[in-house]
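Remember, this note's numbering sits 134 above the position in the sequence shown when you count from 1.
Virtual Cβ for every residue (Gly too), placed ideally from N, Cα, C.
Report on one structure; see the data block that follows.
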Amino acid sequence: MSDAAIEKPLFAADDWTIPQDWQRYSDAEHALWDRLFARQSAILPGRVAPAFLQGLDILRLSKPGIPDFAELNARLQTATGWTVVAVPGLVPDDVFFDHLANRRFVAGRFIRTPDQIDYIEQPDVFHDVFGHVPLLANPVFADYMQAWGRGAQRASSLGAIDRLARLYWYTVEFGLIRAGDTLQTYGAGIVSSHSETQFALADPSPHRIRFDLGRVMRTRYIIDDFQQVYFVIDSFEDLLRQTIETDFAPLYQSLATLPDLNVADILDTDRVVHRGTQAYASGRSGMK
Ligand SMILES: [Fe+2]
Numbered sequence: 135m136s137d138a139a140i141e142k143p144l145f146a147a148d149d150w151t152i153p154q155d156w157q158r159y160s161d162a163e164h165a166l167w168d169r170l171f172a173r174q175s176a177i178l179p180g181r182v183a184p185a186f187l188q189g190l191d192i193l194r195l196s197k198p199g200i201p202d203f204a205e206l207n208a209r210l211q212t213a214t215g216w217t218v219v220a221v222p223g224l225v226p227d228d229v230f231f232d233h234l235a236n237r238r239f240v241a242g243r244f245i246r247t248p249d250q251i252d253y254i255e256q257p258d259v260f261h262d263v264f265g266h267v268p269l270l271a272n273p274v275f276a277d278y279m280q281a282w283g284r285g286a287q288r289a290s291s292l293g294a295i296d297r298l299a300r301l302y303w304y305t306v307e308f309g310l311i312r313a314g315d316t317l318q319t320y321g322a323g324i325v326s327s328h329s330e331t332q333f334a335l336a337d338p339s340p341h342r343i344r345f346d347l348g349r350v351m352r353t354r355y356i357i358d359d360f361q362q363v364y365f366v367i368d369s370f371e372d373l374l375r376q377t378i379e380t381d382f383a384p385l386y387q388s389l390a391t392l393p394d395l396n397v398a399d400i401l402d403t404d405r406v407v408h409r410g411t412q413a414y415a416s417g418r419s420g421m422k
């Protein structure tokens with residue numbers, strides 16, 4: 135979520151959408167997508183929730199390279215009623231929430247440059263589409279995303295959007311999920327990152343803690359480096375159920391009486407899957 139005032143470019147529509155202009159991508163840009171796609175597709179089996187791999191097929195379109203949103207949307211809309219819309223970059227919170235609440239996912243249309251293959255500050259089309267769209271093809275996760283969008287509209291009116299932003303961060307972007315005795319990932323920030331896919335699941339440094347809604351919404355996060363705490367959900371069904379069944383207004387009120395938590399904190403009440411060594415400690419300046 136960005137609180138900064140962002141100015142809408144003249145070429146964007148009232149809802150901030152712009153044409154994808156698929157035909158304007160260069161061969162090099164398509165090739166970079168294919169390279170990123172191949173690299174992540176190779177590392178993810180066994181490490182990602184099966185629903186993500188099932189949804190990944192929706193990105194295998196008639197042409198290689200960056201997906202043409204028109205063709206992608208015909209398939210995605212049939213699957214779950216979601217569509218992907220291109221935007222010029224970051225959009226204001228209320229615009230973002232309105233799109234999600236109406237089953238539209240906003241995506242950057244630009245792709246990173248080859249020297250940014252491992253790290254990019256602003257989400258590009260690879261992060262937004264490879265990272266997010268496969269799970270939008272999953273009916274349960276699709277409903278969760280819309281429920282979050284509606285909840286964010288309500289949270290905004292209650293002055294609690296920072297709480298719900300943390301829920302998004304620790305689920306949609308950096309979530310882990312139980313898979314028997316092991317963990318898998320499903321968060322877009324992880325699945326679109328070669329290095330964080332390995333870090334999130336295998337590095338001894340970060341904490342891995344069972345998901346607790348109130349606990350998550352008290353926890354700050356790092357925006358420009360690997361996470362130092364990940365939260366583990368039981369299932370998408372459980373995540374959706376908690377989001378729909380919880381009355382957030384009183385929860386926000388009770389959380390307001392408690393201090394925020396830092397990424398390295400562990401509470402007595404936490405159900406800890408893995409107590410991290412916290413050895414990886416760089417880049418904490420972006421904490422929010
Ligand atoms: Fe994202």
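Of the listed residues the options, nearest to residue i (C-alpha basis)
i, options, result
"aspartate 358", "Ile400, Glu255 and Lys197", "Glu255"
"glutamine 211", "Val274, Tyr278, Pro226 and Leu270", "Leu270"
"tryptophan 282", "Ala235, Ala336 and Glu163", "Ala235"
"phenylalanine 203", "Gly410, Gly348 and Gln157", "Gln157"
"glycine 348", "Thr316, Thr403, Val306 and Arg342", "Thr403"
"valine 407", "Leu317, Ser369, Asp381 and Ile356", "Leu317"
"alanine 336", "Phe360, Arg173, Ala398 and Arg243", "Phe360"
"leucine 392", "Arg409, Thr380, Phe370 and Val350", "Val350"
"leucine 195", "Leu206, Gly189 and Ser388", "Leu206"
"arginine 238", "Val267, Pro179 and Phe345", "Val267"
"isoleucine 140", "Tyr355, Asp228 and Ala322", "Asp228"
"aspartate 368", "Val306, Arg209, Phe382 and Arg344", "Arg344"
"alanine 390", "Ala208, Leu292 and Phe145", "Leu292"
"aspartate 252", "Gly189, Gln280 and His328", "His328"
"glycine 285", "Asp346, Pro257, Glu163 and Thr380", "Thr380"
"arginine 243", "Pro257, Gly189, Asp249 and Gln250", "Pro257"
"histidine 164", "Ser388, Thr247 and Gln280", "Thr247"
"aspartate 372", "Val397, Asp346 and Arg288", "Asp346"
Per-residue DSSP class, three states only, for residue i
i, result
"arginine 409", "coil"
"threonine 247", "coil"
"alanine 271", "coil"
"valine 397", "coil"
"valine 229", "helix"
"arginine 344", "strand"
"leucine 147", "The sequence given here has alanine at residue 147, not leucine. The answer is coil: DSSP assigns alanine 147 none of H, G, I, E or B."
"serine 419", "Bear in mind that the predicted position of serine 419 carries a pLDDT of just 41, short of 50, making it unreliable; the figure below should be weighed with that in mind. Correct three-state label for serine 419: helix."
"glycine 314", "coil"
"threonine 319", "strand"
"alanine 383", "helix"
"isoleucine 140", "coil"
"glycine 199", "coil"
"valine 352", "A small correction: the amino acid at residue 352 is arginine; valine does not occupy that position in the sequence shown. If DSSP states are grouped into helix, strand and coil, arginine 352 belongs with coil."
"tyrosine 364", "strand"
"threonine 212", "helix"
"aspartate 404", "coil"
"threonine 217", "strand"
"arginine 238", "strand"
"isoleucine 324", "helix"
"isoleucine 357", "coil"
"proline 153", "coil"
Residue i, buried or exposed, once every other Cβ within 10 Å from all chains shown has been counted against 16
i, result
"glutamate 330", "buried"
"lysine 422", "Low confidence applies to lysine 422: its pLDDT is 37, below 50, so where it sits in the model is not reliable enough to give any reading."
"proline 384", "exposed"
"phenylalanine 308", "buried"
"glutamine 154", "buried"
"aspartate 161", "exposed"
"glutamine 362", "buried"
"threonine 411", "exposed"
"alanine 334", "buried"
"valine 172", "Looking at the sequence shown, residue 172 is not valine but alanine. When all chains shown are included, alanine 172 counts as exposed."
"serine 326", "buried"
"isoleucine 378", "exposed"
"glutamine 332", "exposed"
"serine 419", "With a pLDDT of 41 at serine 419, under the threshold of 50, the predicted position of this residue should be treated as unreliable, though the coordinate-derived value follows. Per the 10 Å Cβ criterion, exposed."
"glycine 314", "exposed"
"alanine 185", "buried"
Proximity below 8 Å, CB of residue i to CB of residue j
i, j, result
"threonine 353", "leucine 395", "yes"
"proline 201", "aspartate 168", "no"
"arginine 312", "valine 366", "yes"
"tryptophan 150", "valine 221", "yes"
"isoleucine 166", "isoleucine 295", "For the sequence presented, residue 166 should be read as leucine rather than isoleucine. It is not a contact, given that the beta carbons lie outside the stated cut-off."
"alanine 276", "threonine 217", "no"
"phenylalanine 231", "serine 290", "yes"
"valine 225", "threonine 319", "no"
"tyrosine 355", "tyrosine 304", "yes"
"tyrosine 278", "phenylalanine 370", "yes"
"leucine 178", "leucine 187", "yes"
"arginine 409", "histidine 341", "yes"
"valine 240", "valine 219", "yes"
"glycine 180", "glycine 265", "no"
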